[in-house]
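*Asks:*
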Amino acid sequence: VGGVKIAKEDVVREGDPTNNVPDTIFSKLGQQLHRRDNHPLGILKNAIFDYFDGNYSGKFTKFDDLSPIVSVKENFDDVLVPADHVSRSYNDTYYIDAHTVLRCHTSAHQANLLQKGHNHFLVTGDVYRRDSIDSTHYPVFHQMEGVRVFSPDEWLASGMDATSYAAMDLKKALEGLARHLFGAVEMRWVDTYFPFTNPSFELEIYFQEKWMEVLGCGVTEQEILKRSGRMDNVAWAFGLGLERLAMVLFDIPDIRLFWSTDERFTSQFSEGQLGVKFKPFSKFPPCYKDISFWISDIFTENNLCEVVRGIAGDLVEEVQLIDNFTNKKGMTSHCYRIAYRSTERSLTDEEINHLQWSVREAVQNKLNVVLR
Ligand code: PHE
Numbered sequence: 131v132g133g134v135k136i137a138k139e140d141v142v143r144e145g146d147p148t149n150n151v152p153d154t155i156f157s158k159l160g161q162q163l164h165r166r167d168n169h170p171l172g173i174l175k176n177a178i179f180d181y182f183d184g185n186y187s188g189k190f191t192k193f194d195d196l197s198p199i200v201s202v203k204e205n206f207d208d209v210l211v212p213a214d215h216v217s218r219s220y221n222d223t224y225y226i227d228a229h230t231v232l233r234c235h236t237s238a239h240q241a242n243l244l245q246k247g248h249n250h251f252l253v254t255g256d257v258y259r260r261d262s263i264d265s266t267h268y269p270v271f272h273q274m275e276g277v278r279v280f281s282p283d284e285w286l287a288s289g290m291d292a293t294s295y296a297a298m299d300l301k302k303a304l305e306g307l308a309r310h311l312f313g314a315v316e317m318r319w320v321d322t323y324f325p326f327t328n329p330s331f332e333l334e335i336y337f338q339e340k341w342m343e344v345l346g347c348g349v350t351e352q353e354i355l356k357r358s359g360r361m362d363n364v365a366w367a368f369g370l371g372l373e374r375l376a377m378v379l380f381d382i383p384d385i386r387l388f389w390s391t392d393e394r395f396t397s398q399f400s401e402g403q404l405g406v407k408f409k410p411f412s413k414f415p416p417c418y419k420d421i422s423f424w425i426s427d428i429f430t431e432n433n434l435c436e437v438v439r440g441i442a443g444d445l446v447e448e449v450q451l452i453d454n455f456t457n458k459k460g461m462t463s464h465c466y467r468i469a470y471r472s473t474e475r476s477l478t479d480e481e482i483n484h485l486q487w488s489v490r491e492a493v494q495n496k497l498n499v500v501l502r
């Protein structure tokens with residue numbers, strides 16, 4: 131990882147309450163899909179690089195090999211994430227120990243790189259989030275972060291105030307990027323909140339009859355610049371999810387496919403070929419199994435999904451809450467429908483029944499629930 135060998139014991143410690151990294155996540159560390167030039171994520175990364183190289187004559191320094199193992203300080207404190215923000219919880223983030231996490235966003239590197247004196251940079255890497263399971267969510271995905279710092283002469287000449295100038299430049303740069311990737315699309319800006327930017331925006335594009343969020347961005351909080359010794363500057367930052375864009379650009383229907391080593395997937399993509407449409411080689415039927423149980427107050431859907439993935443791995447396509455009620459005694463029951471489907475072969479009844487029994491056993495043993 132980042133040129134360093136990571137031992138499993140350094141990342142996974144079952145039974146240690148300060149650690150919540152499962153084996154399935156450890157196996158993803160160091161794969162670096164974004165550094166493969168023939169992989170859709172690498173092709174997309176390179177296309178974004180081309181845009182920045184073309185418009186800023188190589189001014190942006192590129193980092194795509196920074197270790198995903200970062201401190202809590204880097205991931206949260208340095209980018210002003212409040213102490214009580216949900217993203218800090220063990221339910222949302224993978225902790226290696228109380229002070230170390232698998233980065234949940236590439237923003238974890240902003241402060242360090244600013245401190246080192248970089249004024250224009252792009253950081254690409256794998257990021258990790260505990261989450262629910264469906265065709266667009268996977269606990270490991272890839273982001274690209276961009277940061278640009280301006281000095282006073284750049285906005286003074288414009289007659290605008292620093293923040294308005296940075297916001298205008300940011301929108302222009304990212305609209306250009308969206309056109310570079312998607313062609314002439316309709317776009318809109320939506321106001322939002324991030325702890326590290328103010329104002330903050332999301333860019334949406336109209337694609338296949340839907341508005342789709344493309345990225346988050348904003349004008350960097352002055353406090354972050356101040357801490358890096360840049361009292362007199364202003365900056366913008368953006369962060370975009372590569373899978374989300376690649377799914378649309380290459381017509382990839384399921385986020386698990388990015389991890390496939392099946393040649394019928396990998397052979398369809400080649401260096402420099404952005405937007406070649408993926409031809410599904412199979413549509414194997416899904417198989418649905420329901421599981422119902424009485425929950426306790428510590429139950430969370432993210433924990434359930436982790437247990438299911440621990441048993442079924444990438445054979446699970448979706449976990450969906452289909453029934454939820456509380457009886458007169460105040461006990462709450464949940465029913466989840468699990469969709470099993472391989473992207474590579476058909477599954478036998480026997481195999482799925484076996485998986486479902488193992489899932490039931492693991493759910494009962496690990497989640498403090500009572501099966502119905
Ligand atoms: N880090 C944010 C996310 O993961 C994206 C972002 C980056 C937003 C930089 C603003 C500026 O959602």
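If you read the sequence shown in the UniProt record's numbering, its first letter stands for residue 131, the second for the next number, and so on.
Each residue gets a CB set at the ideal place from its N, CA and C atoms; glycine is no exception.
Computed from a predicted structure; not experimentally measured.
Any heavy atom of ligand 1 closer than 7 Å to the beta-carbon of Gly369?
*Replies:* Answer for Gly369: yes, Cβ within range of ligand 1.
*Asks:* Which residue or residues does DSSP assign as beta-bridge partners of His272?
*Replies:* In DSSP, His272 forms a bridge with Asp256.
*Asks:* Which value, in whole angstroms, describes the spacing of the CA atoms of Asp146 and Asn221?
*Replies:* When rounded, the distance between both Cα atoms is 15 Å.
*Asks:* I'd like the span of the beta strand (DSSP E) that includes Thr327, first residue to last.
*Replies:* Start and end: 327–337.
*Asks:* Just checking, does the region 333–348 make contact with the region 366–378 on the three C-beta pairs under 8 Å criterion?
*Replies:* Verdict: yes, contact present.
*Asks:* Check this for me: beta carbons of Phe251 and Phe193, under 8 Å apart or not?
*Replies:* Yes. Within cutoff.
*Asks:* Give the DSSP-derived three-state secondary structure of Thr473 in the structure shown.
*Replies:* Thr473 falls in the coil class under three-state DSSP.
*Asks:* Does at least one heavy atom of ligand 1 sit under 7 Å from the Cβ of Cys435?
*Replies:* Because no heavy atom of ligand 1 lies under 7 Å away, the Cβ of Cys435 does not count as near it: no.
*Asks:* If the criterion is Cβ atoms closer than 8 Å, does the pair Ile335 and Val320 meet it?
*Replies:* No; because the gap between Cβ atoms is not below 8 Å, this pair is not in contact.
*Asks:* Would you decide whether Met461 is buried or exposed? Buried here means 16 or more other CB atoms lie within 10 Å of its CB.
*Replies:* Exposed, because fewer than 16 other Cβ atoms sit within 10 Å of the Cβ of Met461.
*Asks:* Assuming Tyr470 and Cys417 are in contact, meaning their beta carbons sit under 8 Å apart, how far apart are those beta carbons, in whole angstroms?
*Replies:* At roughly 5 Å, the Cβ-Cβ gap stays under 8 Å, so Tyr470 and Cys417 are in contact.
*Asks:* Let's see if you can read the secondary structure: which residues bound the beta strand (DSSP E) around Phe193?
*Replies:* Run containing Phe193: 191–193, per the beta strand (DSSP E) assignment.
*Asks:* Between the alpha carbons of Met298 and Arg165, how many angstroms are there, rounded?
*Replies:* Spanning the two alpha carbons is a distance of roughly 31 Å.
*Asks:* Scan the UniProt domain "FDX-ACB" (412–502) and note each continuous beta strand (DSSP E) run of 3 residues or more that stays entirely inside, going in chain order.
*Replies:* Correct list: 417–424, 446–456, 462–470.
*Asks:* Can the beta-carbon of Val364 be found less than 8 Å from the beta-carbon of Val349?
*Replies:* In contact: Val364 and Val349 (Cβ atoms closer than 8 Å).
*Asks:* With DSSP collapsed to three states, give me the class of Ala367.
*Replies:* Strand.
*Asks:* What's the gap between the Cα of Gly402 and the Cα of Gly188?
*Replies:* When rounded, the distance between both Cα atoms is 18 Å.
*Asks:* Just to confirm my understanding: we take Thr266, look at its own chain, exclude 5 residues before and 5 after, and list those with CB closer than 6 Å. What are they?
*Replies:* Excluding sequence neighbours, Thr266 sits near Ile385.
*Asks:* Rounding to the nearest angstrom, what Cα-Cα distance links Val202 and Val231 in this structure?
*Replies:* Spanning the two alpha carbons is a distance of roughly 6 Å.
*Asks:* With DSSP as the reference, label Lys175 as helix, strand or coil.
*Replies:* Lys175: helix per DSSP, three-state reduction.
*Asks:* For Tyr186 and Val277, I'd like the C-alpha separation in whole angstroms.
*Replies:* Near 13 Å, if we compare the C-alpha coordinates of Val277 and Tyr186.
*Asks:* Closer than 7 Å by C-beta to Asp362: which residues in its own chain qualify, once you throw out the five before and the five after it? Chain order, please.
*Replies:* Same-chain partners within the cutoff: Pro282.
*Asks:* So, is residue 503 buried or exposed, given that buried needs 16 or more other C-beta atoms within 10 angstroms?
*Replies:* No answer is possible for residue 503: it lies beyond the span of the chain, which begins at 131 and ends at 502.
*Asks:* Please tell me whether, using a cut-off of 7 Å, the distance from the CB of Ser358 to the nearest non-hydrogen atom of ligand 1 is below it.
*Replies:* Flag unset: Cβ of Ser358 not near ligand 1.
*Asks:* When you compare the CB positions of Lys413 and Gln398, do they come within less than 8 Å of one another, or not?
*Replies:* Result no, Cβ atoms of Lys413 and Gln398 do not sit closer than 8 Å.
*Asks:* Just reading off the alpha helix (DSSP H) that Trp285 is part of, what are its end residues?
*Replies:* Where Trp285 is concerned, the enclosing alpha helix (DSSP H) stretches over 282–286.
*Asks:* Indicate the three-state DSSP secondary structure (helix, strand or coil) for Ile226 in the structure shown.
*Replies:* Three-state DSSP puts Ile226 in a strand.
*Asks:* Between which residues of its own chain and Thr148 is the CB-CB distance below 7 Å, once the five residues before and five after are set aside?
*Replies:* The residues are Tyr225, Asp227, Ala228.
*Asks:* Sorted by chain position, which residues of the same chain lie with C-beta nearer than 8 Å to Ser476's C-beta, five sequence neighbours on each side aside?
*Replies:* Excluding sequence neighbours, Ser476 sits near Phe414, Pro415.
*Asks:* Specify whether the region 203–215 and the region 435–446 touch according to this definition: at least 3 beta carbon pairs, one from each stretch, less than 8 Å apart.
*Replies:* Result no; under three Cβ-Cβ pairs closer than 8 Å.
*Asks:* Between which two residues does the beta strand (DSSP E) holding Phe324 run?
*Replies:* Where Phe324 is concerned, the enclosing beta strand (DSSP E) stretches over 317–324.
*Asks:* Please determine whether the Cβ atom of Gln352 lies at a distance below 7 Å from any heavy atom of ligand 1.
*Replies:* Because no heavy atom of ligand 1 lies under 7 Å away, the Cβ of Gln352 does not count as near it: no.
*Asks:* If you draw a straight line from the C-alpha of Ser157 to the C-alpha of Ser197, how long is it?
*Replies:* About 15 Å.
*Asks:* Can Thr396 be considered in contact with ligand 2, in the sense that its beta carbon sits closer than 7 Å to one or more heavy atoms?
*Replies:* Ligands displayed in this structure: ligand 1; ligand 2 is not among them.
*Asks:* Is the beta carbon of residue 505 sitting closer than 8 Å to the one on Leu243?
*Replies:* Residue 505 cannot be examined here, being either before or after the span of the chain that is shown, 131 to 502.
*Asks:* Could you tell me if the beta carbon of Phe206 falls within a distance shorter than 7 Å of some heavy atom in ligand 1?
*Replies:* Because no heavy atom of ligand 1 lies under 7 Å away, the Cβ of Phe206 does not count as near it: no.
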